[in-house]
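S.K.: There's a structure below that I have some questions on.
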Amino acid sequence: MPTSVPGNKRVFWPARRPGRGFTLLELLLVLALVAIMAGLASLALRDNSATQLEREAVRLAALLEMARAESRVSGTAVRWVPGAGPTATGQRTPEGAAPAGFRFVGLSGQNPLPSHWLDERVNAEVAAPGWLSLGPEAILPQQRVLLRLEDQQIEVSSDGLGPFNVGSLPATPPP
C-alpha cells in the first residue's frame with residue numbers, strides 16, 4: 428500500500444497549478460468592491476418628482492388626520508386651506524404671486540401644525556368651496572385634494588368616515 432513518506436513516487440494530492448481558479452480572499456475582495464460600487468451608485472441616484480410628490484401626499488394625509496383628531500377632541504370646527512401659508516423658506520410670497528403652502532384654520536395655537544410643503548413646487552387643488560372640513564363631526568362629506576408636482580399628480584382623499592388615503596393618478600400629458 429503506497430504511503431506519502433519521502434521517496435514515494437505516488438502523490439495523493441494533486442499539485443496546485445497556477446492560474447486555475449481564485450482563492451477565497453480574491454473572491455471576497457471582488458464582492459466587497461462590487462458592494463461598495465453599488466452603494467455609491469444608489470447614493471448618486473436623485474430623488475425624482477413622483478417620489479417627492481408621494482412623500483408630500485403621505486405627509487399631508489397624516490397632517491389632516493392629526494388636525495381631524497384635534498378637532499374632535501376640542502369640539503371646534505377645523506378647516507384646511509391650500510395656498511394660504513408661508514413658503515417653505517418661512518417668508519411670505521411677494522405681492523401678486525400665488526402663495527405657497529397651506530394652513531389649518533380653527534386649531535389651537537398650542538401645538539401648531541406645519542404650514543408649508545417640503546418642496547415649494549407642490550401645488551394643491553380642492554374642489555369648491557376650496558377648503559377641507561376636518562370636524563368636529565364624526566361623519567364628514569367625501570373630500571379630495573389633488574397634489575401636483577411638475578407633470579405628476581396624486582390624490583389624497585377620504586370618504587368622510589375613514590382616514591385620508593393616498594391614491595395615484597395617471598400623469599398629466601404635457602401642454
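My numbering numbers the first residue of the sequence shown as 428 and each following residue consecutively.
Each residue gets a CB set at the ideal place from its N, CA and C atoms; glycine is no exception.
In the structure shown, what three-state DSSP assignment does Ala504 receive?
M.R.: Taking the sequence shown and counting its residues from 1, the one referred to as residue 504 is at position 77. In the structure shown, Ala504 sits in coil (DSSP, three-state: anything other than H, G, I, E or B).
S.K.: Which value, in whole angstroms, describes the spacing of the CA atoms of Leu561 and Pro541?
M.R.: Locating residue 561 in the sequence shown gives position 134, counting from the first residue. Locating residue 541 in the sequence shown gives position 114, counting from the first residue. The straight-line gap from Cα to Cα measures roughly 16 Å.
S.K.: Comparing C-alpha positions only, which one of Arg506, Ala468, Val461, Leu455 sits nearest to Pro563?
M.R.: Counting from one through the sequence shown, the residue named residue 563 turns up at place 136. Among Arg506, Ala468, Val461, Leu455, the Cα nearest to that of Pro563 is on Arg506.
S.K.: On the criterion of 16 or more Cβ atoms from any shown chain inside 10 Å, does Gly523 qualify as buried, or is it exposed?
M.R.: For this step, residue 523 is matched to residue 96 along the sequence shown. Reliability of the predicted coordinates at Gly523 is poor, the pLDDT of 45 falling under 50, and no value is obtained from them.
S.K.: Taking the continuous beta strand (DSSP E) assigned at Gly562, which residues delimit it?
M.R.: Numbered from 1 along the sequence shown, position 135 holds the residue referred to as residue 562. Per DSSP, Gly562 belongs to the beta strand (DSSP E) from 559–562.
S.K.: Candidates Gly528, Asp586, Thr478, Thr450: which alpha carbon is nearest Pro568's?
M.R.: What you label residue 568 is simply residue 141 of the sequence shown in a count that begins at 1. Residue Asp586 is the option with its Cα nearest to Pro568.
S.K.: Count the other C-beta atoms from every protein chain shown that fall within 10 angstroms of the C-beta of Pro521, then say buried if there are 16 or more, exposed otherwise.
M.R.: Residue numbering aside, residue 521 sits at position 94 when the sequence shown is read from its first letter. At Pro521, the pLDDT of 46 sits below 50, so the modelled position is not reliable; the number obtained from the coordinates is stated separately. So Pro521 counts as exposed.
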